[in-house]
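I have placed the structure first, in the form of structure tokens, so that the comments after it can refer back to it.
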Amino acid sequence: FEHSIANILEYLINVISTIDDFGDKTEISRETIDFLIESIQTIFFDTIDYYNSFQDNSEENIQTEVLIHNLFVYMDSIYEHHIYLLKLKFLPFNDFLKQELGFNLNEIFRIIKKINKDVKSNLFSNISPFIINEMTIPINFLKLISMEIGKNKEFFCYKGRERWPNNPSRFRVRPIIKYQETYYNFFPQLLFERIGLVLEELIKKNYENYYKKYVKNCSVILEDMSLNLIRKLLPDAAIFGNLFYIINEKGKQMRFETDGIVIYDNNLLIIEAKSNLFSFDARMGFFDRIKKNTRDIIDKAYNQAVRTKKYFFSKDIAEFREKNGESVIIQNTKKYENVFLINTTLEKLGPLATRLNSAKMMNYLKGKEFPWSVFINDLRIISDLIEMPSSFLLYLKRRIKNIKNINKELSERQG
């Protein structure tokens, strides 16, 4: 059994948090714990087998792959990259966080570090390691990110699917548990992983105007990071961001945009960044949401990139304009022999980003070409590992070639 104890622990917390009354508390034996773990493992495998039983086409195949990936994989990024991205997303709203929630981002990070540090301290002090010391942790913060036992009814609400691993759960955005008058940190590593979701949910639910600003900021962050990382990989390239161009269609002038054009020797890179969220329902294998997210994050970026490419090669001299109105003129367009369509994402899409051949079979992506869809933190790792521009271009060629093979199962860190 390969996946980590983290999956089992989260599932167990989800089940327990649906129960209103525990009755008399008794200590359970090691044998009972082993039985619980074995039973939960069986539930996970039975869930996957259920979805596998319907796999007659590419739709159901990708549905199962997405579910497996998101049930068994924790932390889409290494810790430092995860925190860096959180800071980019939320630091512009520090004053708002302080005013409305009572804590700015740096204070939130310090509190989480203290909560997790106390787990180790409690172990050495013969105190229950998971109990949070309310004397040292602000109670208002605990109220913000906690869920009372018995309140996780979302996990139990699906008729015929009660307590399935891929059911919605309040614990996902409230990773501290409150039982009676005591707060518990049963899952220390989850706090830093989920704090972004917690803050997003709080802002979206209670502050609609600020949430719109937050979404717009995420889009700007992704565009800027994408071009900066490409610049690191291709330091001598000509890079232009936030361009628009005019196409005459049936006598009307139509304005279209592209997030980035990169010129390097005879190589043309067209960058389209999509910061849309990869929804929980999509992650948990609900096909309608998978289809919608694929369309919004990958397919729209693909269509924009294809349209930009078509415009680029429709004339010998391609003219774009920057936001300030200045022209970007690219001459002798026919000399660019290698064209790469790159779709950067703010969230890791897992199998959706690597099984694009399946997506084409389901009419997600129409056309002969394949884009390279890459999570921004994976692109950051690539930019740290690849030192030569020629190596990056070779990576791109091989990556896209492999994506075309429907039998290949790739991960972003395998190149």
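In the numbering used here, the protein residues as written are 2 to 416.
Even glycine gets a Cβ: it sits at the ideal position worked out from N, Cα and C.
Quick one: what does DSSP say tyrosine 303 is sitting in, helix, strand or coil?
-> On the sequence shown, position 302 is the one that residue 303 refers to. If DSSP states are grouped into helix, strand and coil, tyrosine 303 belongs with the helices.
Verify whether the separation of the beta carbon atoms of isoleucine 247 and leucine 228 is less than 9 Å.
-> Here residue 247 corresponds to residue number 246 of the sequence shown, with the count starting at 1. Here residue 228 corresponds to residue number 227 of the sequence shown, with the count starting at 1. No, Cβ-Cβ distance for isoleucine 247 and leucine 228 is not below 9 Å.
If we count Cβ pairs, one from each stretch, closer than 8 Å, do we get three or more for the segment 358 to 378 versus the segment 327 to 344?
-> yes
Simplified DSSP state of threonine 43, which is helix, strand or coil | Along the sequence shown, one-based indexing puts residue 43 at 42. Helix.
Integer-rounded CB distance, given that arginine 308 should sit under 8 Å from phenylalanine 257 = Translated into positions along the sequence shown, residue 257 becomes position 256. Translated into positions along the sequence shown, residue 308 becomes position 307. At roughly 6 Å, the Cβ-Cβ gap stays under 8 Å, so phenylalanine 257 and arginine 308 are in contact.
Pairwise C-alpha distance: asparagine 243 and isoleucine 49 = By 1-based counting over the sequence shown, the position of residue 49 is 48. By 1-based counting over the sequence shown, the position of residue 243 is 242. Taking the straight line from one Cα to the other gives about 43 Å.
Bridge partner(s) assigned by DSSP for glutamine 254 | Here residue 254 refers to the residue found at position 253 of the sequence shown. In the DSSP output, where bridge partners are listed per residue, glutamine 254 has Asn249.
What first and last residue would you give for the alpha helix (DSSP H) that runs through threonine 355?
-> Numbered from its first residue, the sequence shown carries residue 355 at position 354. Taken as a continuous stretch (DSSP letters only), the alpha helix (DSSP H) holding threonine 355 covers 352 to 355.
What does a CB cutoff of less than 6 Å around glycine 416 pick up in its chain, not counting 5 residues either side in sequence?
-> Taking the first residue of the sequence shown as 1, we reach residue 416 at position 415. Because the pLDDT at glycine 416 is just 45, under 50, the model does not fix this residue reliably, and the point stays unresolved.
If you draw a straight line from the C-alpha of alanine 7 to the C-alpha of threonine 43, how long is it?
-> As a position in the sequence shown, residue 7 is number 6, starting the count at 1. As a position in the sequence shown, residue 43 is number 42, starting the count at 1. Near 15 Å, if we compare the C-alpha coordinates of threonine 43 and alanine 7.
Quick one: what's got a C-beta closer than 8 Å to lysine 335's C-beta in the same chain, skipping five residues either side?
-> In the sequence shown, residue 335 corresponds to position 334, counting from 1. The answer, listed in chain order, is Phe314 and Asp317.
Assuming methionine 285 and asparagine 167 make a contact with CB atoms under 8 Å, what is their CB distance in whole Å?
-> Residue 285 sits at position 284 when you count from the first residue of the sequence shown. Residue 167 sits at position 166 when you count from the first residue of the sequence shown. Indeed they touch by this definition, with Cβ atoms about 4 Å apart.
Within its chain, find whatever has a CB closer than 8 Å to the CB of phenylalanine 188; leave out the 5 residues flanking it on each side and keep chain order.
-> One-based indexing of the sequence shown puts residue 188 at position 187. Contacts found: Ala7, Leu10, Glu11, Ile14 and Pro176.
Give the straight-line distance between the Cα atoms of phenylalanine 287 and aspartate 300, rounded to the nearest whole angstrom.
-> Indexing the sequence shown from 1 puts residue 287 at position 286. Indexing the sequence shown from 1 puts residue 300 at position 299. For phenylalanine 287 and aspartate 300, the distance between alpha carbons rounds to 18 Å.
Put valine 174 into one of helix, strand or coil per three-state DSSP.
-> In the sequence shown, the residue the question calls residue 174 occupies position 173. If DSSP states are grouped into helix, strand and coil, valine 174 belongs with coil.
List the endpoints of the continuous beta strand (DSSP E) containing arginine 162.
-> For this step, residue 162 is matched to residue 161 along the sequence shown. Run containing arginine 162: none; DSSP gives neither H nor E here.
Check each candidate in Leu192, Asp379, Leu270 and Leu145 and name the one with the smallest Cα separation from alanine 394.
-> Here residue 394 is taken as the residue at index 393 of the sequence shown, counted from 1. First, the amino acid is wrong: residue 394 is leucine here, not alanine. Nearest of Leu192, Asp379, Leu270 and Leu145 to leucine 394, Cα basis: Leu270.
Serine 374 by DSSP, collapsed to three states: which one?
-> The residue labelled residue 374 in the question sits at position 373 within the sequence shown. Three-state DSSP puts serine 374 in a strand.
Cβ-based burial, serine 412 [other Cβ within 10 Å; buried from 16] | Here residue 412 is taken as the residue at index 411 of the sequence shown, counted from 1. Note that serine 412 has pLDDT 38, beneath the 50 cutoff, so the model's placement of it is unreliable and the number below is only indicative. By the 10 Å Cβ count, serine 412 comes out exposed.
Kindly identify the DSSP beta-bridge partner or partners of arginine 322.
-> Against the sequence shown, residue 322 aligns to sequence position 321. Phe245 and Ser328, per the DSSP bridge assignment.
Identify whether leucine 278 lies in helix, strand or coil by the three-state DSSP scheme.
-> Taking the sequence shown and counting its residues from 1, one reaches residue 278 at position 277. Coil, per DSSP.
Find out if the Cβ-Cβ distance for the pair alanine 274, glutamate 224 is shorter than 9 Å.
-> Here residue 274 refers to the residue found at position 273 when the sequence shown is read from its first residue. Here residue 224 refers to the residue found at position 223 when the sequence shown is read from its first residue. For alanine 274 and glutamate 224, yes; Cβs fall inside 9 Å.
How close, in whole Å, do the beta carbons of aspartate 282 and arginine 290 come, if the pair is a contact with beta carbons under 8 Å?
-> Position 281 of the sequence shown, counted from the start, is the residue given in the question as residue 282. Position 289 of the sequence shown, counted from the start, is the residue given in the question as residue 290. Yes, aspartate 282 and arginine 290 are in contact; Cβ-Cβ is about 4 Å, under 8 Å.
Start-to-end residues for the beta strand (DSSP E) that takes in methionine 226 | On the sequence shown, position 225 is the one that residue 226 refers to. Segment 209 to 234 is the alpha helix (DSSP H) holding methionine 226; no beta strand (DSSP E) there.
Which of helix, strand or coil does DSSP assign to methionine 285?
-> Numbered from 1 along the sequence shown, position 284 holds the residue referred to as residue 285. Residue state, collapsed to three classes: coil.
For threonine 419, three-class secondary structure by DSSP = It is not possible to answer for residue 419, since the shown part of the chain is limited to 2 through 416.
Counted within 10 angstroms of its Cβ, other Cβ atoms place isoleucine 63 as buried (16 or more) or exposed = Counting from one through the sequence shown, the residue named residue 63 turns up at place 62. That one is buried.
Throw me the rounded Cβ distance for the tyrosine 185 and phenylalanine 97 pair, which I believe falls under 8 Å.
-> If you number the sequence shown from 1, residue 185 lands on position 184. If you number the sequence shown from 1, residue 97 lands on position 96. Contact doesn't hold; Cβ gap of about 29 Å is too wide.
Distance, lysine 405 Cα to asparagine 95 Cα = Here residue 95 corresponds to residue number 94 of the sequence shown, with the count starting at 1. Here residue 405 corresponds to residue number 404 of the sequence shown, with the count starting at 1. Whole-angstrom Cα-Cα distance: 44 Å.
Can you tell me which of the three DSSP states glutamate 202 falls into?
-> Within the sequence shown, numbered from 1, the residue matching residue 202 stands at position 201. Glutamate 202: helix per DSSP, three-state reduction.
Same chain, Cβ closer than 8 Å to serine 129, neighbours up to 5 away in sequence not counted = Counting from one through the sequence shown, the residue named residue 129 turns up at place 128. Taken in chain order, the residues that qualify are Asn123.
What are the partner residues of lysine 115, as DSSP defines its beta bridges?
-> Taking the first residue of the sequence shown as position 1, residue 115 is located at position 114. DSSP output for lysine 115 lists no bridge partner at all.
Alpha carbon to alpha carbon, what distance is there between threonine 33 and phenylalanine 2?
-> Your numbering for residue 2 matches position 1 in the sequence shown. Your numbering for residue 33 matches position 32 in the sequence shown. In this prediction, phenylalanine 2 has a pLDDT of 35, which is less than 50 and means its spatial position is unreliable; nothing more can be read from the coordinates.
Mind checking which residues open and close the alpha helix (DSSP H) that includes glutamate 81?
-> Here the question's residue 81 lines up with position 80 in the sequence shown. Per DSSP, glutamate 81 belongs to the alpha helix (DSSP H) from 80 to 91.
Assigned secondary structure, glycine 197 (DSSP; H/G/I helix, E/B strand, else coil) = The residue you call residue 197 lines up with position 196 of the sequence shown. Here glycine 197 sits in helix by DSSP.
In the DSSP assignment, what residue or residues form a beta bridge with lysine 293?
-> The count along the sequence shown starts at 1 and reaches residue 293 at position 292. The partner list for lysine 293 (beta bridge, DSSP) is empty, contrary to what the question assumes.
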